[in-house]
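Everything on this sheet refers to the single structure shown next.
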Amino acid sequence: MADINGREQQQSFEIISIPPQTIPSDPTKFDLPVDSEHRAKTLKIFSFAQPHMRSFHLAWLSFFTCLISTFAAAPLVPVIRDNLNLTRSDVGNAGVASVSGSIFSRLVMGVICDLVGPRYGCAFVNLLAAPVVFSVAFVSSAEGYIAVRFMIGVSLATFVSCQYWTSIMFTSSIIGTVNAVAAGWGDMGGGVTQLLMPFLYHVIKVSGATPFTAWRIAFMIPGWLHLIVGVMVLTLGQDLPDGNLGALQKRGDVAKDKFSKVISDLVFKYAVRNYRTWVFFLVYGFSMGVQLCINNVISEYFYDRFGLTLHTAGIVAATFGMANFAARPLGGYASDMAARKFGMRGRLWVLWTVQTLGGVFCIWLGRANSLPIAILSMILFSIGAQSACGATYGIIPFVSRRSLGIISGLTGAGGNFGGGLTQLVFFSNTGFSAATGLTYMGIMTVACTIPVAFIHFPQWGSMFFPASKNGKYSEESYYSSEWNEHEKEKGLHHGSLKFAENSRSERGKRREIAAAGTPPPGFSATPVHV
Amino acid sequence: MANQGSLIALILLSCLVAICYGTVSFSSLQRTLIVTGSPQTGQVLKGGVDKITVTWSYNTSFPAGTDSSYKKVKIMLCYAPISQEERAWRKTEDHLNKDKTCQHKILTTPYKPSNNTLTWTVEKDIPTATYFIRAYVLDSHDKELTYGQTTNTEKTANLFDVLAVSGRHLSLDIASVCFSAFSVVSLFVFFFLEKRKAKSQTK
């Protein structure tokens, strides 16, 4: 996801830059108030107007659909494991496969969005996921099952196209909330599928199909959802506020760029070498990763451990995923509220607190022996883990300005990696029970959230330390250090400087008042080694 | 105050009694039924097609009158140990309400000491696995009293296999291929249509 901050950055790695003088469209024709790049300044949930709100709804709906089909097998595992004669490790491996596929595809999707636009990236994934979901009709062995779940899981790349699309359509001051709402509503799909699939299976069985055929027919519905959403995205969606990418590129309004330069500059220099990227890669694996893992195991857990019916186990499991509707936006909101008073340090504390609490409730869930306690601890666990996801993406935009997209994609990939890892280590093993697996996963979550304490921003501080050298480092020096002298001479870093100025709010209330008096250091500041 | 206390005690006691009623342990059951099944050792039965014939009778070597409380017989298809490996959802537990060995009910019928026989077609939802047949004798409260089974105590003899239906259908396969083709084609159609529109706009 390249920087889309427009007019200042006109160099080659700046994929989508819109020089203002060639924009012919009239700002007053938009349904919502817009900024200078025609990005909306408000979010009107119940509107479907072109281009902003329609894109918002298409973006989160397409991600939602992919979550439905990725986890569609989970509530039906008790039937599938009998049909295909699966062992515990087969079931576990399939779960791992379902979340591993997108580790790589999420990284690739960022680049695809840069090159052909989010609309095609999104439609491409959905319309190609549909045949894979339909191919469930042919599965007759453990290997086939694992392969199909892997390929369906690749479609989770739509997380990146969803966030990318909303980032182009909405202005940066509200982008945290917009992204958290879109991601949260998309993640809800993991919960909805636990209700939808058993319901479909039951209806199809009642209509006369045998169990081993009924589950295959049930999968046709997620397949058709992909088809419908893919077509809707192509016909109703729009890449940018001013039009589609292809048309704008042909008109010369938008610069077309060289693929290789994007990869080398943004990926390797500023994303990979920033240690914070890797801390978030790990930490997100234990908020989002844990969620993905639970989506795969929780229905079967309630079915086996408490003897619930398929239908009831699905309802209980669904409450976990559906909590995303509010919990993830809540995390983003809590992060924003903490930042108002305590700045970035507040955001880091919020993240650590909710994610650790999530881990603690996961331990409690594993140890719960009665159904009511298990459900209570599961709900609290879901709120902790999901708000941690929202809180994480409240901090990510500040890690790097230049490589925001790549870091965002890497963090997302870390989520899937964590999901696959936890499923493999804790739930594919015949050595210990699922309940013990949950307890251990909770312990590992608490342990792997501790690295949040090591995230230090020189200009703002960290959980335990204030800003370095008592305010000597500024936001400008942090963000302009991502550009070399040659690029700075051309003035390419002006967008980052603008962002740096706006990010002064991350100092929190007390220091912001103190900082208001000091002038920004400007181009002569020595780059800070980050 | 005393009334409330005794009420709570009564509720607690009845709960405990109910729990007692639920947990019958398998090791406490005697094997008073003789059960024989038609499948030979290692025979493979096809789901939905092949039939099993089961006969059972009371073992008269036990003292007379032991079967006075026998009311019903529940005949089940049970997993052999080899099909329970790596599948914790089929695990054998001593407490019968937690035991998952026998998951497929063949028939429940009133108890008669002899001349019992039944023919059953292997249903289409029976998974591919190795099985034996067990019959539980129930009293009037549906509590297990005794049992009988076609195999020995170690569950190593007289086991047979079932080959399940695959669940696949030709019509489903064809529908799947058609829908998939539609999906891929529509992606490319839209792509080309839009490229053509963009080209015509710049001309």
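Chain order of the listed sequences is A and B.
Going by our numbering, the first sequence opens with residue 1, and the numbers climb by one from there.
Going by our numbering, the second sequence opens with residue 1001, and the numbers climb by one from there.
Virtual Cβ for every residue (Gly too), placed ideally from N, Cα, C.
On a predicted model such as this, the values are computed, not experimentally measured, just so you know.
The beta strand (DSSP E) spanning B:T1036 covers which residue range? As a position in the second sequence, residue 1036 of chain B is number 36, starting the count at 1. B:T1036 -> beta strand (DSSP E) spans 1033-1037.
For the ligand ADP, I want to know if A:I112 counts as a neighbour, meaning its beta carbon is within less than 8 Å of at least one of the ligand's heavy atoms. Although the ligand ADP was asked about, the structure shown includes no ligands whatsoever.
Which of the residues in the segment 1122-1139 of chain B, read from start to end, lie with their CB under 8 Å from any CB of chain A? K1124, D1125, P1127, T1128, A1129
Tell me the rounded alpha-carbon separation between A:F483 and A:S474. In the first sequence, the residue the question calls residue 483 of chain A occupies position 483. In the first sequence, the residue the question calls residue 474 of chain A occupies position 474. For the sequence presented, residue 483 of chain A should be read as Trp rather than Phe. Computed Cα separation, rounded: 15 Å.
Kindly say whether A:I373, judged by its beta-carbon, lies nearer than 9 Å to any beta-carbon of chain B. Here residue 373 of chain A refers to the residue found at position 373 when the first sequence is read from its first residue. Not closer than 9 Å to any Cβ of chain B, the Cβ of A:I373 fails to qualify, so no.
Whose CA, out of A:F71, A:E143, A:I112, lies closest to the CA of A:Y164? Indexing the first sequence from 1 puts residue 164 of chain A at position 164. Nearest option by C-alpha distance: A:I112.
For B:D1139, I'd like the list of residues in its chain whose CB is within less than 6 Å of its CB, leaving aside the five on either flank, ordered along the chain. Start at 1 with the first residue of the second sequence, and residue 1139 of chain B comes out as number 139. Cβ neighbours of B:D1139 beyond the five flanking positions: S1069, K1071, L1145.
Taking C-beta pairs closer than 9 Å, name the residues in chain A that B:E1154 reaches, listed in chain order. Against the second sequence, residue 1154 of chain B aligns to sequence position 154. What B:E1154 touches in chain A: nothing, since even the nearest Cβ is about 22 Å away.
With H, G and I counted as helix, E and B as strand and the rest as coil, what does DSSP make of B:V1185? To locate residue 1185 of chain B, count along the second sequence from 1; it is residue 185. Residue state, collapsed to three classes: helix.
Spell out whether any CB of chain A is found under 9 Å from the CB atom of B:V1073. For this step, residue 1073 of chain B is matched to residue 73 along the second sequence. Chain A, which has no Cβ nearer than 9 Å to the Cβ of B:V1073, makes this no.
From the DSSP output, read off the bridge partner residues of B:Y1136. Counting from 1 along the second sequence, the entry for residue 1136 of chain B is found at position 136. Its beta-bridge partners are B:K1074, B:Y1147.
Answer yes or no: does any C-beta atom of chain B fall closer than 9 Å to that of A:L236? Position 236 of the first sequence, counting from 1, holds the residue named residue 236 of chain A. Not closer than 9 Å to any Cβ of chain B, the Cβ of A:L236 fails to qualify, so no.
Using a Cβ cut-off of 8 Å, pull out every chain B residue sitting near A:D304, in sequence order please. Along the first sequence, read from residue 1 onward, the residue named residue 304 of chain A stands at position 304. Simply A1088, W1089.
Let's test the definition: count the other Cβ atoms within 10 Å of the Cβ of A:D257 and tell me whether it reaches 16, buried, or not, exposed. Residue mapping note: residue 257 of chain A aligns to position 257 of the first sequence, counting from 1. The predicted model places A:D257 with a pLDDT of 49, which falls under 50 and marks its position as unreliable; any figure quoted below should be read in that light. So A:D257 ends up on the buried side.
Are the beta-carbon atoms belonging to A:F56 and A:V178 less than 9 Å from one another? In the first sequence, the residue the question calls residue 56 of chain A occupies position 56. In the first sequence, the residue the question calls residue 178 of chain A occupies position 178. Yes.
Short CB-CB distance (under 9 Å) between B:S1176 and chain A: Along the second sequence, read from residue 1 onward, the residue named residue 1176 of chain B stands at position 176. B:S1176 counts as touching chain A.
Measuring straight from C-alpha to C-alpha, what distance separates A:V231 and A:M220? As a position in the first sequence, residue 231 of chain A is number 231, starting the count at 1. As a position in the first sequence, residue 220 of chain A is number 220, starting the count at 1. Answer to the nearest angstrom: the Cα atoms are 17 Å apart.
Return the first residue and the last residue of the alpha helix (DSSP H) that A:F219 is part of. In the first sequence, counting from the first residue as 1, residue 219 of chain A sits at position 219. Where A:F219 is concerned, there is no enclosing alpha helix (DSSP H), given that its DSSP letter is neither H nor E.
Threshold first: 4 residues or longer. Then list the alpha helix (DSSP H) segments lying entirely within the segment 1080-1107 of chain B, N to C. 1081-1084
Could you tell me whether the segment 55-70 of chain A touches the segment 283-291 of chain A, using the rule of 3 or more Cβ pairs below 8 Å? no
For A:G121, count neighbouring C-beta atoms within 10 Å of its own C-beta (all shown protein chains included) and say buried if the count is 16 or more, exposed if not. For the purposes of this step, residue 121 of chain A is taken as the residue at position 121 of the first sequence. Result: buried.
For A:W483, name the three-state secondary structure that DSSP assigns. Numbered from its first residue, the first sequence carries residue 483 of chain A at position 483. In the structure shown, A:W483 sits in coil (DSSP, three-state: anything other than H, G, I, E or B).
If you reduce the DSSP assignment to three classes, tell me which class A:N244 lands in. Taking the first residue of the first sequence as position 1, residue 244 of chain A is located at position 244. Three-state DSSP puts A:N244 in coil, outside helix and strand.
Could you give the DSSP three-state label for A:F286: helix, strand or coil? Here residue 286 of chain A refers to the residue found at position 286 of the first sequence. It is coil, neither helix nor strand.
Report the CB separation of A:I168 from A:K41 in whole angstroms; it is logged as a contact under 8 Å. As a working mapping, residue 168 of chain A is identified with position 168 in the first sequence. As a working mapping, residue 41 of chain A is identified with position 41 in the first sequence. The Cβ separation is near 14 Å, so there is no contact.
Per DSSP, what are the beta-bridge partners of B:A1129 in this structure? Stepping through the second sequence from its first residue, residue 1129 of chain B is reached at position 129. Paired residue(s): B:V1162.
Interface flag, A:H226 vs chain B, CB-CB below 9 Å: As a working mapping, residue 226 of chain A is identified with position 226 in the first sequence. Closer than 9 Å: yes.
Please go through the same chain and pick out, in chain order, the residues whose beta-carbon is closer than 6 Å to the beta-carbon of B:I1082, but skip the five residues on each side of it. Here residue 1082 of chain B corresponds to residue number 82 of the second sequence, with the count starting at 1. The answer, listed in chain order, is T1130.
Per DSSP, B:S1057 forms a beta bridge with which residues? In the second sequence, counting from the first residue as 1, residue 1057 of chain B sits at position 57. Answer is B:I1034, bridged to B:S1057.
Taking the alpha helix (DSSP H) that A:W364 belongs to, which residues open and close that run? Working through the first sequence from its first residue, we reach residue 364 of chain A at position 364. Counting along the chain, the alpha helix (DSSP H) containing A:W364 begins and ends at 324-367.
Minimum Cβ-Cβ distance from B:A1080 to chain A less than 9 Å: The residue you call residue 1080 of chain B lines up with position 80 of the second sequence. It does not; no Cβ of chain A falls within 9 Å.
May I ask you to list the residues that DSSP assigns as paired with B:T1066? As a first step, residue 1066 of chain B is located in the second sequence; it is residue number 66 there, counting from the start. According to DSSP, which records beta bridges pairwise, B:T1066 is partnered with nothing at all.
Could you run through the segment 1143-1171 of chain B and flag, in chain order, every residue whose CB is less than 8 Å away from some CB of chain A? A1164, V1165, S1166, G1167, R1168, H1169
Going by DSSP, name the residue or residues bridged to A:A40. For the purposes of this step, residue 40 of chain A is identified with residue 40 of the first sequence, where counting begins at 1. DSSP, once it has assigned bridges, lists A:V34, A:F170 as partnering A:A40.
Using a C-beta to C-beta distance shorter than 7 Å, which residues of chain B count as neighbours of A:P131? Along the first sequence, read from residue 1 onward, the residue named residue 131 of chain A stands at position 131. Within 7 Å Cβ-Cβ: S1180, S1183, V1184.
Starting from the C-beta of A:G346, find all residues in its chain whose C-beta is less than 6 Å away, skip the five residues before and the five after it, and write them out in chain order. Here residue 346 of chain A refers to the residue found at position 346 when the first sequence is read from its first residue. A338, A339, listed in sequence order.
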